[in-house]
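Report on the structure given below.
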Amino acid sequence: MTAPELKSRMEVLDQKIKHVETRLKLKGLLSADHQVTSAELRERFDVLSQKVQTEIANEEAHGHHVSALETSVRQYIDSLEIDVD
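Take the sequence shown: its letter number 47 is residue 55 in this note's numbering, and every next letter is one higher.
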């Protein structure tokens with residue numbers, strides 16, 4: 009997977025998160041207390057995105073190809089906060 013493809017996929021996910029946030033706000037389901045949760049989700053997404061991009065850059069710097077499937081699996085594993093080192 010190339011960097012532009014990864015960036016494109018991350019932007020699509022970012023837009024989906026924004027869409028859900030907007031829908032919930034319109035439904036009145038996000039009170040002031042829940043805004044923190046929304047901000048935390050956004051921060052977590054940003055941290056995971058950067059972590060996955062760094063991991064892929066390291067792999068590709070060593071001549072390894074990282075497929076779209078592997079990228080998705082890495083994102084999933086990272087979201088579980090399990091260390092696989």
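Built from N, CA and C at the ideal position, the CB exists for glycine as well.
Limits of the unbroken alpha helix (DSSP H) element including T79: 76-87
Local conformation of T10 per DSSP, three classes: coil
Rounded Cβ spacing between D86 and L49 (contact assumed at less than 8 Å): No, D86 and L49 are not in contact; Cβ-Cβ is about 15 Å, not under 8 Å.
Reduced DSSP secondary structure (H/G/I, E/B, other) of H27: helix
Rounded C-alpha distance that separates V74 from D54: 20 Å
Which listed residue (A65, E13, H27, Y84) has its alpha carbon closest to that of R52: Y84
L14 to Q61 span [Cα, whole Å]: 8 Å
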